[in-house]
Amino acid sequence: MKKILFTIFTAAIFTSVLGAQDFDKTESRNQISGALEKTTDLISEILPENSSLLGTQPDAFIGKFIPSIPMHFTAGTSFSGTFIKTETLKDAMTDLSNGISETLKSGNATNDFNISFDLPANIPVPTAAFTFRLGGIILPVDLGVFGVSTFNGLVKDISFDDFKAGLDYTTIGFDLRYAILDGTGLLPKFSVGGGYIYSNLSLDFEANKSFTTNSTYELNGLTSEYSADLKSEVNLSSKTHAIFAEAQLSKKLLIFEPYIGTKLFVTKTTNEYDWKYNTFVNNSKQDDLSDSDKKSETKDFSTDNVSTQFFGGLGIILAKFQIALNGAYNVKTNYWSVGLGLNFKN
31 MKKILFTIFT
41 AAIFTSVLGA
51 QDFDKTESRN
61 QISGALEKTT
71 DLISEILPEN
81 SSLLGTQPDA
91 FIGKFIPSIP
101 MHFTAGTSFS
111 GTFIKTETLK
121 DAMTDLSNGI
131 SETLKSGNAT
141 NDFNISFDLP
151 ANIPVPTAAF
161 TFRLGGIILP
171 VDLGVFGVST
181 FNGLVKDISF
191 DDFKAGLDYT
201 TIGFDLRYAI
211 LDGTGLLPKF
221 SVGGGYIYSN
231 LSLDFEANKS
241 FTTNSTYELN
251 GLTSEYSADL
261 KSEVNLSSKT
271 HAIFAEAQLS
281 KKLLIFEPYI
291 GTKLFVTKTT
301 NEYDWKYNTF
311 VNNSKQDDLS
321 DSDKKSETKD
331 FSTDNVSTQF
341 FGGLGIILAK
351 FQIALNGAYN
361 VKTNYWSVGL
371 GLNFKN
């Protein structure tokens with residue numbers, strides 16, 4: 031009987047020791063991944079917003095270039111930004127920090143771990159592009175194109191407290207517009223059309239922290255305080271394809287040209303996240319103090335991904351130079367965007 035009780039007691043102790051060292055990280059992993067999924071959803075909502083203003087110009091159409099000599103065109107640069115609340119991004123980084131802290135605490139490595147990440151409550155997400163628009167051949171149709179890319183690794187090592195960040199951004203777009211009214215006399219210019227925008231944004235975050243383990247932390251059968259290093263990486267990306275229909279009104283008044291319009295978007299998005307953190311104690315990686323996860327999800331074109339944007343602004347014409355001040359509001363996402371266009375106009 032004593033042997034049986036001793037065996038049960040020993041097994042119970044052995045099981046409890048195993049449980050302490052092989053704890054479940056599912057809850058913290060799901061918390062981190064869920065927060066990052068919300069962040070990629072936010073990015074995919076922003077991309078069509080600020081990209082769409084890059085191709086916006088005051089003229090509802092710029093006219094045909096045959097029989098016009100020289101041909102009508104505009105060329106220049108555009109800038110835009112969509113204002114967002116940073117709560118989602120800050121929450122994601124807080125959840126990452128809390129998830130790591132839970133793992134280190136459960137593994138008896140340390141009770142005091144935190145990664146700092148702070149941003150203003152609201153920030154504009156900026157973008158820019160080179161633009162070109164060409165007047166139609168015979169028919170009152172014009173074609174506009176825009177595009178820009180940061181190229182791989184151009185923007186990196188931006189510091190946010192304990193984090194370093196980098197981004198890669200590419201956007202290209204085009205549209206075709208057909209003139210319904212040509213703006214002669216008291217009538218405004220009025221055009222309808224449609225187009226396509228592709229945007230790809232990748233964000234990379236990296237944080238490294240050094241700490242000292244608890245004095246009761248066990249390594250290779252010995253308990254002591256050990257030097258430890260934690261390295262974390264977060265990679266987020268969103269690819270967005272947007273097809274849109276548009277209508278625009280404009281009227282030139284001396285050197286000014288006010289304009290209003292609307293766009294109806296339907297989008298397809300592919301969102302991805304990939305995160306990991308690895309803990310090294312005495313330069314040896316500890317799997318029980320490390321974790322990772324990743325996911326890729328595609329949302330195809332559907333009625334659920336339809337949104338309406340209203341835009342408008344003021345053009346200022348100074349000889350062959352045109353300044354465009356833009357503003358836009360998306361009814362579905364409740365995002366506001368602003369833009370600036372600087373164009374040579376012929």
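Numbers in my numbering are just positions in the sequence shown, counted from 1, shifted up by 30. Each residue gets a CB set at the ideal place from its N, CA and C atoms; glycine is no exception. Fair warning: this is a prediction, and the values are worked out from it, not measured in the lab.
Asked                                                                                                          : Found
Euclidean distance between Cα positions of Val-155 and Thr-161                                                 : 19 Å
Cα-Cα separation between Phe-103 and Leu-279, rounded to whole angstroms                                       : 19 Å
Complete beta strand (DSSP E) runs within the stretch 214 to 295 (minimum length 3 residues, chain order)      : 219 to 242, 257 to 280
Closest Cα partner of Thr-253 within the set Thr-243, Ser-262, Leu-260, Thr-70                                 : Thr-243
Delimiting residues of the alpha helix (DSSP H) encompassing Gln-352                                           : Premise fails: Gln-352 lies in the beta strand (DSSP E), 351 to 360, not in any alpha helix (DSSP H).
Span separating the alpha-carbon of Asp-148 from that of Asp-234                                               : 16 Å
Neighbour-count burial assignment, Ser-110, 16 or more Cβ in a 10 Å radius                                     : buried
Contacting residues, own chain, Cβ-Cβ under 7 Å from Leu-319 (five flanking each side not counted)             : Thr-133, Leu-134, Gly-137, Ala-139, Thr-309
Exposure of Gly-225, with buried meaning 16 or more beta-carbon neighbours within 10 Å                         : buried
Ordered list of beta strand (DSSP E) runs contained in the stretch 119 to 146, each at least 3 residues        : none
For Gly-196, the nearest candidate out of Ile-188, Ala-65, Ser-108 (CA to CA)                                  : Ile-188
Three-pair Cβ contact test at 8 Å for the stretch 352 to 367 versus the stretch 78 to 93                       : yes
Contacting residues, own chain, Cβ-Cβ under 8 Å from Glu-255 (five flanking each side not counted)             : Thr-242, Thr-243, Asn-244, Ser-245, Tyr-247
Buried or exposed by the 16-neighbour rule on C-beta atoms within 10 Å, applied to Lys-251                     : A quick correction: the sequence has Gly, not Lys, at residue 251. By the neighbour-count rule (16 or more Cβ atoms within 10 Å), Gly-251 is not buried but exposed.
Span of the alpha helix (DSSP H) around Ile-73                                                                 : 56 to 82
Under 7 Å between C-beta atoms of Gly-357 and Gly-345                                                          : no
Contact set for Lys-362: own chain, Cβ-Cβ below 6 Å, skip 5 residues either direction                          : Ser-337
Anticipated Cβ contact below 8 Å, Lys-325 with Glu-67, distance rounded                                        : 7 Å
Beta-carbon separation (whole angstroms), Glu-287 vs Ile-210, contact threshold 8 Å                            : The Cβ separation is near 17 Å, so there is no contact.
Close beta carbons around Val-175, own chain, < 6 Å, minus the five adjacent residues each side                : Phe-162, Phe-204
Outcome for Phe-374 when other beta-carbon atoms lying within 10 angstroms are tallied against a minimum of 16 : exposed
Inter-residue Cα distance where the pair is Leu-169 and Asn-364                                                : 37 Å
Residue interval of the beta strand (DSSP E) (run including Leu-319)                                           : 314 to 329
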